[in-house]
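The structure appears right after this line, and notes come after that.
There are 4 protein chains.
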Amino acid sequence: MNIAVIGLGYWGPNLLRNLYETRRCHRLVACDLNASKLERAQLRYPSIEVTTDFNTVIADGDIDAVVIATPVSTHAPLAQAALEAGKHVFVEKPMASNKEEAMQLIELAERRQRVLMVGHTFEFSPPVLKIKEVIERGDLGDIFYISSSRVNLGLHQKDISVIWDLAPHDFSSIFFWLDEMPKYISAMGRDYVQRGIPDVAFINLEFASGVIAHVQVSWLAPSKLRRTTLIGSAKMLVYDDTENIEKVKIFDKGVDYKDPETFGEYQLSYRAGDVVSPRLDTYEPLFKEMEHFLDCCETGQRPKTDGYNGLRVVKALEAAEKSLRNGSQVVEIE
Amino acid sequence: MNIAVIGLGYWGPNLLRNLYETRRCHRLVACDLNASKLERAQLRYPSIEVTTDFNTVIADGDIDAVVIATPVSTHAPLAQAALEAGKHVFVEKPMASNKEEAMQLIELAERRQRVLMVGHTFEFSPPVLKIKEVIERGDLGDIFYISSSRVNLGLHQKDISVIWDLAPHDFSSIFFWLDEMPKYISAMGRDYVQRGIPDVAFINLEFASGVIAHVQVSWLAPSKLRRTTLIGSAKMLVYDDTENIEKVKIFDKGVDYKDPETFGEYQLSYRAGDVVSPRLDTYEPLFKEMEHFLDCCETGQRPKTDGYNGLRVVKALEAAEKSLRNGSQVVEIE
Amino acid sequence: MNIAVIGLGYWGPNLLRNLYETRRCHRLVACDLNASKLERAQLRYPSIEVTTDFNTVIADGDIDAVVIATPVSTHAPLAQAALEAGKHVFVEKPMASNKEEAMQLIELAERRQRVLMVGHTFEFSPPVLKIKEVIERGDLGDIFYISSSRVNLGLHQKDISVIWDLAPHDFSSIFFWLDEMPKYISAMGRDYVQRGIPDVAFINLEFASGVIAHVQVSWLAPSKLRRTTLIGSAKMLVYDDTENIEKVKIFDKGVDYKDPETFGEYQLSYRAGDVVSPRLDTYEPLFKEMEHFLDCCETGQRPKTDGYNGLRVVKALEAAEKSLRNGSQVVEIE
Amino acid sequence: MNIAVIGLGYWGPNLLRNLYETRRCHRLVACDLNASKLERAQLRYPSIEVTTDFNTVIADGDIDAVVIATPVSTHAPLAQAALEAGKHVFVEKPMASNKEEAMQLIELAERRQRVLMVGHTFEFSPPVLKIKEVIERGDLGDIFYISSSRVNLGLHQKDISVIWDLAPHDFSSIFFWLDEMPKYISAMGRDYVQRGIPDVAFINLEFASGVIAHVQVSWLAPSKLRRTTLIGSAKMLVYDDTENIEKVKIFDKGVDYKDPETFGEYQLSYRAGDVVSPRLDTYEPLFKEMEHFLDCCETGQRPKTDGYNGLRVVKALEAAEKSLRNGSQVVEIE
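Below, the structure is given as structure tokens:
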């Protein structure tokens with residue numbers, strides 16, 4: 023296969039490296055407006071081709087697929103151009119700046135029968151997949167609520183808020199685990215450092231199933247937190263992505279409700295059993311993601327993180343940002 | 023002084039012990055409906071008097087002050103009866119079930135010229151006082167936001183929600199630090215274990231000064247968290263009350279904004295200096311609190327945690343509970 | 023039963039409280055040279071008798087057993103007097119100042135057919151018992167080595183070294199787990215704060231079975247460590263007594279040796295599976311210990327921590343101290 | 023300058039990368055017996071030269087210096103050949119298999135007036151340098167003792183014991199801090215996995231100044247520990263290299279001895295003040311080390327980690343290994 027990577031900023035070089043390491047790309051083209059970034063890439067991978075011109079990539083009939091890792095506002099236009107040129111598209115998260123753009127990409131990909139995959143890498147990561155497995159096995163019982171913190175000092179983006187920068191990770195993981203998207207979203211936040219660009223947000227999500235979730239994102243925090251807690255009726259789970267070895271811990275803890283008929287008055291009893299930290303696979307999620315994209319391009323199968331998957335995240339981001347800018351009013355997602 | 027402690031449930035025995043240890047109480051009377059609790063108290067402190075009848079306490083002209091540690095719904099009625107009988111009153115947090123009750127107590131205490139003190143113990147605790155000192159010295163710069171988690175497994179209350187049970191601690195500390203109460207409050211929560219009694223809540227507070235705060239309280243969590251982060255323009259502070267020795271940590275971290283005039287485009291630079299965990303005093307906060315109450319009774323001085331201090335917490339609790347029960351709608355506090 | 027507690031210093035009041043709470047003592051007598059300590063005890067437990075005179079306790083034919091919690095140098099003389107007076111004896115760890123004294127107590131108790139129990143409380147504690155269970159089930163495979171740290175700032179003793187103060191806990195736990203005492207002991211240490219009284223020691227233990235153990239004890243350390251690691255051929259275990267909930271963790275980790283015949287050269291492969299923190303019982307070890315002593319007194323059964331159990335700890339302490347004072351020379355235990 | 027890197031195993035590629043990034047090497051030659059490793063290096067750095075033949079490097083009069091990162095047993099022979107060919111030499115730690123070899127290299131380098139530098143990278147690392155600075159400023163007072171743990175699961179070496187593999191880091195740091203090498207060394211250890219190759223060791227070091235140190239190294243441990251504690255008369259310091267941000271913590275803790283003349287009996291009082299984690303520089307130690315080597319080659323200055331620096335580590339390793347193989351007998355270092 024012949025693949026072009028568009029954008030060699032912060033994340034693009036990782037995509038390039040993993041594509042390279044799959045050894046499945048016959049031609050590998052890197053495209054960026056900044057020639058020095060291309061030079062650095064070619065120094066490292068002498069066999070790749072480079073160009074500063076996106077249009078030559080699009081016009082190149084030999085290129086099967088493009089992988090887009092540019093600023094968010096350009097995701098949709100570039101993906102659209104590539105799809106229209108008949109290429110498969112992998113686009114980084116969030117897939118578009120708004121749901122209309124996202125919807126257009128989905129329709130275009132379907133019309134042109136091309137693969138459209140969104141880079142929700144966490145859905146390929148060992149801890150997130152292990153948690154999905156634990157949930158599906160019923161170990162947690164009914165999920166009550168989820169609480170997540172994704173905070174650290176910086177890196178302040180200049181074009182998007184902290185919601186669009188950090189919340190896609192939590193949203194995609196949570197929607198994946200619950201197999202559901204939220205019905206109501208609200209968010210409180212502020213723009214402390216750069217006027218107009220919120221750098222801290224507290225986001226509430228309410229799901230039709232009764233689950234609620236809280237996601238806290240910030241570029242202003244003294245230390246890095248990547249901590250998600252899932253509370254179920256049977257067990258509780260903590261996922262701490264900053265831990266080296268015990269990233270996922272399952273607590274056999276809960277409250278048991280004893281029937282009032284037996285006791286006159288109902289009674290609650292607290293249960294505390296073993297804590298288990300399951301073994302996790304150790305592969306690089308991005309590599310699995312790139313392999314999956316190449317597989318989809320070759321076989322035509324629908325990607326796990328397809329356009330609809332990307333769309334629901336965009337809808338939630340839009341709703342959260344809207345609420346934040348409207349005094350935390352609750353936004354209903356249709 | 024002659025003091026009566028009303029209620030020997032979970033917290034009352036601690037008040038009794040600390041009053042006893044002040045060695046400033048001539049008569050110390052314990053009152054509870056449950057005779058076996060009185061018996062246990064008297065076994066431990068043979069010199070105290072006990073009674074199951076609140077009215078004999080009230081009618082006893084020799085009793086100077088009462089200390090109330092009964093269920094929340096009885097706080098205001100008992101305090102009112104005591105004030106009307108001309109006694110000084112210390113009442114546990116929250117001081118009343120609603121702001122009307124709280125206001126009546128304040129007015130009554132003023133009319134009768136009696137001390138009315140509310141048991142916001144955290145305002146007497148070494149870490150909370152140290153943080154106040156750090157803020158007043160200007161070390162944190164302008165405070166941007168505060169985020170707090172107070173969660174653990176249980177103890178589910180049967181008469182009040184987790185908001186009324188746990189949030190008083192965070193509210194009183196935050197209002198004390200900021201010297202301000204919030205203008206807008208919203209809260210999302212659910213009642214998972216006991217129908218009608220929320221056991222998890224995510225509370226947003228917005229202050230007129232621009233500060234925002236988030237407080238997360240829950241009786242459903244795998245491990246105990248008592249963690250508050252204060253983010254300022256100059257430094258950041260973490261207060262972890264589950265730590266034994268480094269409860270308060272001050273991070274010399276922040277973002278500096280460089281003027282666009284100098285650089286063409288503005289620049290952000292991140293700063294990371296020393297981390298300091300200041301030495302904290304080691305006394306028991308409750309002891310200081312009881313001493314302060316006795317001092318106020320003797321001198322007539324206004325307590326640090328007076329009725330107005332208690333009232334603002336009650337107002338905030340009411341607003342949070344109201345928002346939670348109204349689909350997280352933002353509630354304005356007049 | 024009628025029991026006397028001798029010594030109300032640091033530990034004695036805990037023994038008294040637990041004996042009291044068993045509700046199995048008809049008479050409970052407290053004995054200390056310091057009258058104010060007796061007063062405090064009686065204030066708390068009005069029903070107990072007190073005396074400053076050990077001899078009246080000994081002479082009191084009604085007293086069935088004594089519980090000794092005095093300075094180490096007095097353990098043996100007091101225990102001896104009590105045994106000779108026909109009383110059962112519980113003596114705190116270490117049971118004596120040297121092995122000769124310990125041996126005499128054992129012989130005396132046997133001759134007089136009295137119970138002699140030593141206060142190695144850890145052998146009654148939930149984590150230590152859980153570890154014993156894990157080992158006996160074979161979960162760890164062959165035990166390779168054990169490493170333990172028991173350090174904190176203070177409390178410097180004035181009559182015994184840090185070895186005699188802190189190492190009894192590790193020694194009794196390790197010998198209990200291994201069911202073996204060491205053959206060789208060496209120790210390096212120094213007396214930094216008080217001349218002649220070592221306040222830090224690094225102790226090596228070698229067992230005939232091939233196991234080795236290292237025990238580090240210190241009164242000079244910035245924070246409290248209570249951490250023991252057991253490395254087995256099959257699994258590894260960490261016991262951290264400063265943790266609140268995950269005191270014991272079992273790591274399914276190890277190295278597998280692959281036969282050279284299959285591979286030309288032998289290969290090592292590393293294995294990392296789940297980490298499990300088993301649920302532990304939550305009772306107070308001291309209460310179990312006191313119950314066990316009373317049971318033994320009543321039934322005549324031999325205590326779990328009998329004189330021989332106490333003797334092997336004394337032998338090891340003596341050897342360690344001797345090595346420390348002789349330039350870390352290895353001492354063989356006969 | 024023209025530099026050759028000998029050995030592209032585990033560590034060599036890091037040296038190569040840092041040399042490359044100094045941009046100070048005119049020619050950069052990589053030498054390894056394994057052609058595929060050379061190929062991988064050249065793919066990454068197309069401008070470098072490669073060879074499988076060490077002799078062509080030696081014979082190449084244009085090469086100014088060699089950087090040796092081969093198995094330990096080959097360090098001295100290769101370094102000797104290079105020095106004899108008139109080249110400057112950087113050799114990885116430990117510099118030789120025994121002190122005789124090390125001494126010969128030192129003499130040879132002096133005779134040929136070539137730079138001989140040993141790769142004790144820790145002496146270039148920000149935390150180790152910060153600790154040196156803290157000690158020299160007198161903040162810790164007199165150093166009492168040092169305790170260090172360097173353990174993790176694997177990687178079992180096949181040619182050297184865990185002492186020769188891991189202890190060089192601790193030894194070089196400790197000797198650097200104290201500016202002193204030990205007078206007596208003893209070690210207890212075992213070879214559990216590979217016969218004849220100890221995989222765990224507990225090493226005692228005694229210094230003429232009165233300081234003692236304990237170093238624990240192991241390839242058999244459930245989790246990675248890199249923790250060194252320095253106890254001084256004035257303050258205590260913990261260096262935890264597995265921490266991301268607070269690698270070094272200084273505890274204002276200690277014991278104060280009060281004169282018996284004032285109190286009748288002497289008194290000890292414990293002091294606990296602030297805990298400070300100083301800001302550390304964030305450069306890569308290896309880069310500084312390579313820069314320093316290049317500087318020394320250019321200017322002829324004596325490297326910080328010169329042959330004598332390397333020799334004292336080799337002497338200590340030899341002594342520790344000897345003690346371990348002789349029943350933990352104390353070995354005196356002349």
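Chains as they are written, first to last, in this note's numbering: chain A, 23 to 356; chain B, 23 to 356; chain C, 23 to 356; chain D, 23 to 356. Here a beta-carbon is modelled for each residue, glycine too, at the ideal position from N, C-alpha and C.
It is roughly 7 angstroms from the alpha-carbon of residue 356(C) to the alpha-carbon of residue 205(C). Under the three-state reduction of DSSP output, residue 275(C) falls in the strand class.
Using beta-carbon distances, residue 300(C) counts as an interface residue toward chain A, with a partner under 8 angstroms.
For residue 237(D), the closest alpha carbon among the candidates 256(D), 254(D), 195(D) and 264(D) is that of 195(D). Contact of residue 251(C) with chain D is assigned, a C-beta pair being separated by under 8 angstroms. Pairing residue 215(D) with residue 277(C), the inter-Cα distance amounts to about 8 angstroms.
At a cut-off of 8 angstroms, the C-beta of residue 297(D) has a neighbouring C-beta in chain B.
For residue 268(A), the closest Cβ of chain C is nearer than 8 angstroms.
Residue 74(C) sits exposed, since fewer than 16 C-beta atoms from the chains shown fall within 10 Å of its C-beta. In this structure, the CA atom of residue 218(A) is about 13 angstroms from the CA atom of residue 185(A). Within the same chain, 204, 205, 206 and 234 come within 7 angstroms of residue 228(A) by CB-CB distance, once the 5 residues on both sides are set aside.
Proximity of residue 149(C) to chain B, defined by a Cβ-Cβ separation below 8 angstroms, is not satisfied. DSSP places residue 250(D) in the strand class (E or B) of the three-state scheme.
Chain D has no Cβ within less than 8 angstroms of the Cβ of residue 172(A).
Nearest to residue 262(A) by alpha-carbon distance, out of 317(A), 46(A), 297(A) and 247(A), is 247(A). Taken atom to atom, the span from the alpha-carbon of residue 295(C) to that of residue 297(A) is near 14 angstroms. Closest in alpha carbon position to residue 109(D), among 97(D), 96(D), 129(D) and 84(D), is 84(D). In this structure residue 310(D) is buried. Its beta-carbon is surrounded by 16 or more other beta-carbon atoms within 10 angstroms. Secondary structure within the segment 116-192 of chain A: the alpha helix (DSSP H) runs of 4 or more consecutive residues, fully enclosed, are 121-134 and 148-158 (chain order). If you draw a straight line from the Cα of residue 329(A) to the Cα of residue 180(A), it is about 26 angstroms long.
In the structure shown, residue 227(C) falls within a strand segment according to DSSP collapsed to helix, strand and coil.
For residue 226(D), at least one C-beta of chain C is nearer than 8 angstroms to its own C-beta. Residues of chain C whose Cβ lies closer than 7 angstroms to the Cβ of residue 68(B) are, in chain order, 68.
Within chain D, the residues 301 have their CB atoms less than 7 angstroms from the CB of residue 294(B), given in chain order. For residue 352(B), the three-state secondary structure derived from DSSP is coil. The CB of residue 245(A) comes closer than 7 angstroms to the CB of 267 in chain D, given here in chain order.
The count of Cβ pairs closer than 8 angstroms, one atom from the segment 338-354 of chain C and one from the segment 33-50 of chain D, stays below three, leaving the stretches out of contact.
Nearest CB-CB separation between residue 349(C) and chain D: below the 8 angstroms threshold. For the 8 angstroms CB-CB criterion, residue 88(B) and residue 26(B) form a contact. By a beta-carbon distance limit of 8 angstroms, residue 208(D) contacts residue 352(D). Their separation comes to about 5 angstroms. DSSP links residue 70(D) through a beta bridge to no other residue. Residue burial is scored here from C-beta neighbours: residue 152(D) has at least 16 other C-beta atoms within 10 angstroms and is therefore classed as buried.
Exposure of residue 133(B) is indicated by the presence of fewer than 16 other C-beta atoms within 10 angstroms of its C-beta. Straight-line spacing of the CA atoms in residue 62(D) and residue 53(D) works out to 12 angstroms.
Taking 8 angstroms as the threshold, the shortest C-beta distance from residue 217(B) to chain A does not fall below it. In this structure, DSSP gives residue 58(B) a helical state, which the three-state scheme calls helix.
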